[in-house]
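Residue numbers (the numbering used here): 47 to 761.
All C-beta atoms, glycine included, are put in the ideal place defined by N, C-alpha and C.
Heads up: the structure comes next, in structure tokens.
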Ligand code: NAI
């Protein structure tokens, strides 16, 4: 067989060395082709009398990551049935089992990280030696993509380290260092890199027993008594509700993991593997795993590789950028730019403010040093790249300007003109505005085709998304440069057209307005907040409105009214906002009071006066109805963005919602949510919501036609 994934060498004393080294990728991944080759290698070792045992190691810096998700993506596109899913996991599971029971000893010489399927391969070996390098981490993070380890991981790990520890690792996806892996009994030896292969050889030369504990007669782990053992009964009884309380049943994987381990440890190993297979297949055929994998891995990966970049323009590498405004956003953008090796001129109206902006980076770096994420030397280099200034002449040789001054058209126009007077005539200019139309701001710039929106999210160092806004006159060349910059600072871009609120702010507004509309109707505030969290939103709509202050959505509404007049339909929550601001003087957290009360010790609780201000209705809606309203209103607005061409494709809609405002990942994003419900069913539900709650839920004729044609945005 022509091997592209593994090299096999047979050493003089009958030790076979299998080196995983995928010829086509920088990482070893579990794919059908790999499984075929590795299975053939196991067969050779099992049947060749001259071979005494085998070492499994890797020719790459990492040992092996998990499944090749690209392959999974293609399988999802075809539609994954339970039968497909069962077939999908059978081959790797059988391969591991054959290796484990073939009568020859296998030792894993783990030279780098082994995660997911890579970790399962390691667990199926008879002995594990790992390199003493903190980067060589081990773990089974399948739960993070809506799955469970499907090649024996859920059964070997508990038998090796005990059910309690295994459950904790499997349900959280925890990743451990070599030292921690040794302490928990996941590996047998930690050695230096130089000694790795010799340690593996030495173990093989000691005539090790090639039969695992669970394949010996009379084997029974202490947990095999299941509920008959009081300690086990208590632990399993608590484990299920424990994970449900964190996931509100939106994510089926953690519960399935608890069930798989519970059922599996009470059975002989081969029956346990069948149990694992059934649970795995159910998860793989569930839309949740597809949604998470498609959006947060596959489509995010494509966006990171700048899939939306127009073709035909040379790649730009940025050496120096100018940032106008050293406030919260400017300071954050300065940090991520400097961290990516770019020099930054950080301008504010006073040197004190500019210095304060630089001090933000010093603070972030200090925390990173404390957490051992960066060395002092690396931090010093990053900090030395940021040059606070009040002098626009310092911008004379910048490759890009990013403006992040106050959200005020006149202030922005002023700094834009001052920068334009000194920067090179080819340097693009970006605004980080969150609400002002890009095409309007571009009028202050003499080269509007070189003007673009780069909308960052706060806090910039932690938020992955950048919303790139193409104005009426923005050229493709400028878009290409802007995307190159986003790529260079290692953020994920989506590309949208100019529109009120662009894409992310526009859709997110619908969530907070719906929350306030529910309040106006007399729904109990606690129901509103809890329903949002149970639907998977990280924070309830009233709490998040308090955070941004009620003044912000109010300002956006007033602006739209001023510009559009009667053509603009204000949100149903207008009256709530007006009364909170004018009547009760409760603008939000910054003002010390909002929908919540804020105690001096930082604690908060819903304002007791809310039920007098907005009387509670006698009849309360079902929780599901409230959840649905808050998610569907966002999905509908996203569909409108697609209809209007603000979004150019469904991928950016999904990515922007998950990365931009933490729309729950189990949905795959606002448009994948519609796909999961089914376009036709979604339209029908919205029509019914419109009848009960108002026109804002009415699907457009475009959406209705789309539903008539197809049941999905992605086909
Ligand atoms: P900020 O108030 O923290 O910072 C603005 C900075 O600009 C201040 O340091 C101020 O001294 C400086 N500045 C004002 N006028 C200036 C002038 N004429 N010349 C030089 N510097 C001047 O505001 P923040 O939050 O950083 O927002 C900045 C921009 O980013 C705004 O357009 C805002 O809408 C946008 N934005 C804000 C987000 C947020 O979460 N705060 C998110 C995304 C965008």
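Exercise. Could you say which of 121, 123 and 137 lies nearest to residue 84 if we only look at CA atoms?
Key: 137
Self-check item: Whole beta strand (DSSP E) elements within the stretch 636-680, 3-residue minimum
Solution: 642-644 and 650-652
Practice problem: Compare the C-alpha of residue 327 against each of 131, 215 and 188 and name the closest. | Solution: 131
Self-check item: Nearest-angstrom Cα separation, counted from residue 125 out to residue 203
Solution: 31 Å
Practice problem: Classify residue 422 as buried or exposed, calling it buried when 16 or more other Cβ atoms lie within 10 Å of its own Cβ. | Solution: exposed
Quiz item: Fully enclosed by the stretch 64-115, which beta strand (DSSP E) runs are 3 residues long or longer?
Solution: 99-104
Exercise. Using 7 Å as the cut-off, classify the Cβ of residue 453 as near or not near the heavy atoms of ligand 1, replying yes or no.
Key: yes
Quiz prompt | Rounded separation between residue 189 and residue 591 - CA only | solution = 32 Å
Practice problem: With hydrogens ignored, establish whether the beta-carbon of residue 15 is closer than 7 Å to any heavy atom of ligand 1. | Solution: Outside the shown range of the chain (47 to 761) lies residue 15, about which nothing can therefore be said.
Quiz item: With respect to the beta strand (DSSP E) encompassing residue 447, which residues constitute its N-terminal and C-terminal limits?
Solution: 446-449
Quiz item: Any beta-carbon of chain C closer than 8 Å to the one on residue 325?
Solution: Checking the listed chains, one finds no chain C in this structure; it contains a single protein chain.
Quiz item: Can you give the Cα-Cα distance for residue 158 and residue 73, rounded to whole angstroms?
Solution: 11 Å
Quiz item: Do you know offhand how far residue 708's Cα is from residue 413's?
Solution: 24 Å
Quiz item: How long is the line joining the alpha carbons of residue 757 and residue 717, rounded to whole angstroms?
Solution: 12 Å
Practice problem: Can you tell me which of the three DSSP states residue 483 falls into? | Solution: coil
Quiz item: Which residues does DSSP pair with residue 596 in a beta bridge?
Solution: Bridge partners of residue 596: none, in fact.
Exercise. Tell me residue 177's beta-bridge partners as DSSP assigns them.
Key: 237
Quiz prompt | Endpoints, beta strand (DSSP E) assigned at residue 477 | solution = 475-477
Self-check item: For residue 341 and residue 291, the rounded distance between their alpha carbons
Solution: 25 Å
Practice problem: Can you give me the start and stop residues for the alpha helix (DSSP H) that residue 347 sits inside? | Solution: 346-350
Quiz item: For the 8 Å Cβ check, are there 3 or more pairs between the stretch 98-106 and the stretch 144-163?
Solution: yes
Quiz prompt | Cβ shell of residue 684 (< 6 Å), same chain only, five flanking positions each side left out | solution = 553, 699, 716 and 717
Quiz item: According to DSSP, which residues form a beta bridge with residue 776?
Solution: Residue 776 lies beyond the stretch modelled for the chain, which goes from 47 to 761, so this question has no answer here.
Quiz item: When you compare each of 379, 325 and 318 to residue 302 by their alpha carbons, which one comes out closest?
Solution: 325
Practice problem: Determine the contact status of residue 449 and residue 476, defining contact as a CB-CB distance below 8 Å. | Solution: yes
Quiz item: Would residue 128 be called buried (16 or more neighbouring beta carbons within 10 Å of its own) or exposed?
Solution: exposed
Quiz item: Quick one: what does DSSP say residue 161 is sitting in, helix, strand or coil?
Solution: strand
Quiz prompt | Inter-stretch contact (C-beta, 8 Å, three-pair minimum) for the stretch 248-257 and the stretch 328-339 | solution = no
Self-check item: Which listed residue (180, 94, 119 and 78) has its alpha carbon closest to that of residue 133
Solution: 78
Quiz prompt | Cα-Cα separation, residue 742 to residue 619 | solution = 12 Å
Practice problem: Please indicate yes or no: does the CB of residue 170 lie closer than 7 Å to some heavy atom of ligand 1? | Solution: no
Quiz prompt | Residues bridged to residue 435 (per DSSP) | solution = 393
Quiz prompt | Among 704, 712 and 751, the one whose alpha carbon lies nearest that of residue 726 | solution = 751
Quiz prompt | Distance between residue 444 and residue 70 (C-alpha atoms, nearest Å) | solution = 38 Å
Practice problem: Alpha carbon to alpha carbon, how far is residue 224 from residue 65? Give it in angstroms, no decimals. | Solution: 20 Å
Quiz prompt | Cβ pair count under 8 Å reaching 3, the stretch 670-684 against the stretch 259-272 | solution = no
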